[in-house]
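One structure below.
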Amino acid sequence: MGGRRLFFAALGFCAAASASAADECPLRAPEPLLRPGAYAAQTLSRQDGNEMQETAQLRPGLRIAIRQSSCVDAVTTSLTLQLPRDRRHERTDDEWIDLARAEIGKLRTAAPPGRLSGVGEFLGKAHGLAPRRGERAICRDGTAPASGECSWDSLGGYIFSVRRMRDTTVVSVTEYISA
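For the sequence shown, this note's numbering assigns the number 1106 to the initial residue and increments by one for each residue that follows.
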């Protein structure tokens, strides 16, 4: 009889733990951003915790990775362009902003119209933002991020960055929305 009690106690503990793990991310899981089959070498993988990653070859020499997550109080979308580094012509941050805006603006998406309009608007303003620790950032309400992050009251924000590595340049644009 003691064995049964232990079993039911353990079963109750496991059920409670499972329920609390499921409640950790009450927001709906993100939907794919890219239209299925729109690009060569297109992949989609879902991870635990309402995270998803899509990758695709936009054109020769240009890849994109899109990471989305939605959990508790925020929805985040990161769009990362990856290109071979051309040491003969090092682009300026302004040139990378223009490239990101153009490429993201013409993505073939499955998302509702306007899904990335905030990202496009941010990139249009990013030229005028002073870089801070290699990033250009602004909050969704138009304020500057205090101590590097936007407050809950600012409704989230946008971040643009460029990382120049040995053979690759990585251009990232992140949108995060307070839910």
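Cβ atoms here follow ideal geometry from the backbone N, Cα and C, with glycine treated the same way. A quick note: this is a predicted structure, and the numbers were derived from the prediction, not measured.
In this structure, DSSP gives Ser1277 an extended state, which the three-state scheme calls strand. Between the C-alpha atoms of Leu1167 and Gly1233 there is a straight-line separation of about 26 Å. Gly1261 carries a strand assignment under DSSP once its states are collapsed to helix, strand and coil. Beta-bridge partners of Cys1176 (DSSP): Ala1179. Put simply, the backbone Cα of Arg1190 is about 26 Å away from that of Leu1149.
As the crow flies, the alpha-carbon of Gln1147 is around 35 Å from that of Gly1247. Cβ atoms of Val1275 and Ile1209 stay farther apart than 8 Å, at about 14 Å.
Counting the other Cβ atoms within 10 Å of the Cβ of Val1177 gives fewer than 16, which makes it exposed. Your pair Thr1214 and Arg1140 checks out as a contact, with CB atoms roughly 6 Å apart and the cut at 8 Å. Burial is judged here by how many other beta carbons sit within 10 angstroms of a residue's own beta carbon; Pro1217 has fewer than 16 and is exposed.
Ranked by how close their Cα comes to the Cα of Leu1184, the residues Gln1173, Asp1272, His1194, Arg1193 have Gln1173 in first place. Ala1242 is a Cβ neighbour of Gly1262, given a cutoff of 8 Å. Counted as a single uninterrupted DSSP element, the alpha helix (DSSP H) harbouring Ala1207 occupies residues 1198-1210. Take Ser1283, set aside five residues on each side of it, and the residues of its chain with a beta-carbon closer than 7 Å to its own are Asp1178, Ala1179, Trp1257, Leu1260, Gly1261, in chain order. The three-state secondary structure of Ala1231, taken from DSSP, is helix.
In the DSSP assignment, Glu1156 falls within the beta strand (DSSP E) that extends over 1156-1164.
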